[in-house]
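UniProt numbering applies: residue 1 is where the sequence shown begins, and numbers increase by one.
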Amino acid sequence: GKLAMAIVIYADPIIFSSSSPGSLSHSLCYFYLHLPEPSQGLPQSFLGGYLDDQPIARLDSLTGKMEPLVPWMEEKEKEKENFLTLKWIFRADLEKLSKLRHQSEGLHTWQAVWGCELREDGSKGGFLHYGYDGMDFISFNKETLRWVAAQPQAQKVKEKWEEDPWWSEKMKNLLENNCNLWLQRYLSYQNKTVQRTEPPVGKVNSKVVNDRLEILICQAFGFHPKEIQATWTRDGEPCVYETLHKNVAPNSDGTYYVQLTIDIDPKERDHFRCHLEHEGLQEPLILLHQYLTIWGEFAAASSHVFRWRAANTVQPFI
């Protein structure tokens, strides 16, 4: 129900990140979640900041303090002030929305996503969206200074907010100026920090569908930076079109993981390998699904985990 949805959003709001894998553009995004009242151990409010798809800081109503999630945010008092300012802006907006929208009884959630991006061609973008119970409610168009209602109930909010041109101008200035200044400053902080290199840890397992179909699953995790080449090969040849990838996604410790699958005939299993290339590896990591022979019979072993650590790997930040 709604509580489960709120828990998912609180635990993993990174899904709202606007950057794409391999993109040379950069984005700064803030996600805010607000509950009318605390419920079952959840904080009443949560604010998370993300540079590209990487969490950089968070704040919730249980602690009331900004928690840096990357080393370069720890000593930046000015950034803590900006974080708190955004919290109060979001909170004020959502309190207005709550009053303007009639709410039924029960647990409801308000969300806000605010941010900007600096694209590879030098152009800039900005976005501000409000959601209700996980659905789009109203968003801001900074080019027209208009609010766009996504639900009939949002029309009243749109009319009320457009009565005040100053507020729309303020939002436009925050998106075009403040946000982009913060984005460029954070990128500068990040670039001055020694970047760690963590090679991937690989694991292969399988799911048998029937006697003619088996799904091989390759997982690579714990690697940094994000860029990785991963594919299935058959007898050494890449299975480009047969391989199903999932997007590279972040872990809470700043590393990344990816999963790729391929449908095969179980009789052909021994011909397939998972091929990983990453700058943390001195040579490609090649994984296979391993079976053990026990008293002359084949039995599926637990997924064999291959670990490889480069001799010159920079240790991760603690």
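Note that the Cβ used here is the ideal one computed from N, Cα and C, for glycine as well.
Predicted model only: the values in this text are computed from it and were never measured.
For the beta strand (DSSP E) assignment, the uninterrupted runs of no fewer than 3 residues enclosed by the segment 177–222 are, from N- to C-terminal side, 201–210. Between Leu118 and Leu183, the CB-CB gap stays under 8 angstroms.
Under the DSSP assignment, Trp166 falls in the alpha helix (DSSP H) whose first and last residues are 165–173. Annotation for Lys124: the continuous beta strand (DSSP E) segment containing it runs 124–132. For Leu35, no pairing in a beta bridge is given by DSSP.
For Val70, there is no enclosing beta strand (DSSP E), as DSSP marks it with neither H nor E. The three-state reading of DSSP puts Ile56 in strand, counting E and B together. When the five nearest sequence neighbours on each side are left out, the beta carbons in the same chain lying within less than 6 angstroms of the beta carbon of Leu260 are those of Cys218, Ala230, Thr243, His245, in order along the chain. For Ile262, the pairing in a beta bridge is given by DSSP as Leu216. According to the DSSP assignment, Glu159 belongs to the alpha helix (DSSP H) that extends over 155–161. The beta-carbon separation of Ala57 and Phe83, rounded to 6 angstroms, stays under the 8 angstroms limit for a contact. Take Lys142, set aside five residues on each side of it, and the residues of its chain with a beta-carbon closer than 6 angstroms to its own are Gly126, Lys172, Leu175, in chain order. Taking the Cα of Leu51 as reference, the smallest distance to any Cα among Leu187, Gly64, Ala149, Ile89 is reached at Leu187. A contact between stretches requires three or more CB pairs, one per stretch, nearer than 8 angstroms, and the segment 268–281 meets this requirement with the segment 209–227.
By the CB criterion at 8 angstroms, Val204 and Leu288 fall inside the cutoff. According to DSSP, residue pairing for Asn82 in a beta bridge does not occur. Here the alpha carbon of Gly236 sits roughly 33 angstroms from the alpha carbon of Asp53. Here Ala112 really is in contact with Tyr130; their C-beta atoms are around 5 angstroms apart, less than 8 angstroms.
Taking C-alpha positions only, Tyr189 is separated from Trp72 by approximately 6 angstroms.
8 angstroms or more divides the Cβ of His224 from the Cβ of Tyr257. Bridge partners of Pro250 according to DSSP: Tyr256. Assignment of Arg119 by DSSP, reduced to helix, strand and coil, places it in the coil class. Shown here, Leu145 sits in coil according to DSSP, grouped into three states, outside any helix or strand.
For Ser45, the enclosing beta strand (DSSP E) starts and ends at 45–51.
When secondary structure is reduced to three states using DSSP, Glu277 falls in the strand class.
The DSSP-derived three-state label of Ile89 is helix. CA-to-CA, the gap between Lys207 and Glu279 works out to about 30 angstroms. Here Ser61 carries a coil assignment [DSSP, helix/strand/coil].
Note on Met66: 16 or more other CB atoms within 10 angstroms of its CB, so buried under the neighbour-count rule. Per DSSP, Leu42 lies in no beta strand (DSSP E) segment and is marked neither H nor E.
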